[in-house]
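Numbering (the UniProt record's numbering), first residue to last: 1 to 309.
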């Protein structure tokens, strides 16, 4: 039994004629007749009474026709749903992201390119305000950025938290500061800072500079690899969200020590996704976001062989 046989069967029953069914399907009458005979043999049941005026379904044939029609409707529904899925897989997704998240966005994109070959993902980088503008203006499908828990949020956007953390001092494992459990301004003198380019982080760092004028800032950047190199090789220290090190390779994470800034009672730093409030994110966007959340949890263990930015 196959779909074509069922189609011949339904058409013949509808018109009460093998001849009409043959004409509609552009086949010969013997082909239609033989197909239905094969089906009757397989089911060990006569489906039609053959008469000079045409064909009429037997009692058993009526039951078979009901099931055949149901099967064909299910096949049509399956084809329709598959068509919709293919349209989603052909979706174009434009992602605007802060640079710190680029390695994980690229890793997720690589995985989705293998899973959905027709999916087209485009990625653009920018600071937090640029990412917000890209999404607000409809240029990007979604945006990934960092913000503090007390920051006033744009009401025209939908905000989804991906990972939360606290601002922390990050030093090389060879630094004398790495033995401390928490940090105050008194602990830091004559230190050189490299900073993750973020308004809240910069304000926090300024407190250390105001209390200890011997400290200075050598570099402000949102290139995590540059910060890592400066801290590990350049004998500098940095203040950044504590989850930032997750986006480095696992071997690089081992070179760093994260020290809480508990005395400063800093607000949560959140890495999140934004979309336009009045637009329902597509299933593909939500699936991509879910995979990014998973990567954020495992961090560098999943991008060990991936070149960080």
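Just so you know, even glycine gets a beta-carbon here, dropped at the ideal spot from N, CA and C.
Can you tell me whether residue i is helix, strand or coil according to DSSP?
{"i": "residue 82", "result": "helix"}
{"i": "residue 50", "result": "strand"}
{"i": "residue 220", "result": "strand"}
{"i": "residue 241", "result": "strand"}
{"i": "residue 215", "result": "coil"}
{"i": "residue 249", "result": "coil"}
{"i": "residue 260", "result": "strand"}
{"i": "residue 271", "result": "strand"}
{"i": "residue 95", "result": "strand"}
{"i": "residue 286", "result": "helix"}
{"i": "residue 297", "result": "helix"}
Take the Cβ of residue i as the centre, count every other Cβ of all protein chains shown within 10 Å, and call the residue buried at 16 or more, exposed below.
{"i": "residue 249", "result": "buried"}
{"i": "residue 140", "result": "buried"}
{"i": "residue 241", "result": "buried"}
{"i": "residue 134", "result": "buried"}
{"i": "residue 3", "result": "exposed"}
{"i": "residue 143", "result": "buried"}
{"i": "residue 273", "result": "buried"}
{"i": "residue 289", "result": "buried"}
{"i": "residue 33", "result": "buried"}
{"i": "residue 56", "result": "exposed"}
{"i": "residue 1", "result": "exposed"}
{"i": "residue 200", "result": "buried"}
{"i": "residue 103", "result": "buried"}
{"i": "residue 132", "result": "buried"}
{"i": "residue 82", "result": "exposed"}
{"i": "residue 138", "result": "exposed"}
{"i": "residue 41", "result": "exposed"}
Thinking residue i and residue j are a contact (beta carbons under 8 Å), I'd like their distance in whole angstroms, please.
{"i": "residue 190", "j": "residue 214", "result": "5 Å"}
{"i": "residue 47", "j": "residue 58", "result": "6 Å"}
{"i": "residue 271", "j": "residue 105", "result": "Their Cβ separation, rounded to whole angstroms, is 12 Å, which puts residue 271 and residue 105 out of contact at 8 Å."}
{"i": "residue 24", "j": "residue 45", "result": "At roughly 24 Å, the Cβ-Cβ gap does not stay under 8 Å, so residue 24 and residue 45 are not in contact."}
{"i": "residue 169", "j": "residue 259", "result": "4 Å"}
{"i": "residue 261", "j": "residue 183", "result": "6 Å"}
Can you list, in chain order, the residues of its chain with a C-beta nearer than 6 Å to that of residue i? Leave out the 5 residues immediately preceding and following it.
{"i": "residue 243", "result": "163, 165"}
{"i": "residue 268", "result": "149, 164"}
{"i": "residue 20", "result": "none"}
{"i": "residue 153", "result": "159"}
Quick one: residues in its chain with C-beta nearer than 7 Å to the C-beta of residue i, no 5 flanking neighbours on either side, listed in chain order?
{"i": "residue 75", "result": "3"}
{"i": "residue 236", "result": "192, 193, 194, 218, 230"}
{"i": "residue 211", "result": "185"}
{"i": "residue 208", "result": "185, 188, 215"}
Got a sec? Which residues, its chain only, sit under 8 Å from residue i by beta carbon, not counting five neighbours each side?
{"i": "residue 31", "result": "22"}
{"i": "residue 36", "result": "5, 8, 9, 12, 18, 47, 48"}
{"i": "residue 222", "result": "98, 99, 100, 127, 196, 197, 198"}
{"i": "residue 155", "result": "277"}
Sequence ranges, alpha helix (DSSP H) only - wholly within the segment 122-206, length at least 4: 128-136, all fully within the segment 122-206.
Every unbroken beta strand (DSSP E) inside the UniProt domain "HTH lysR-type" (1-58) [3 residues or more]: Runs found: 48-51, 54-57.
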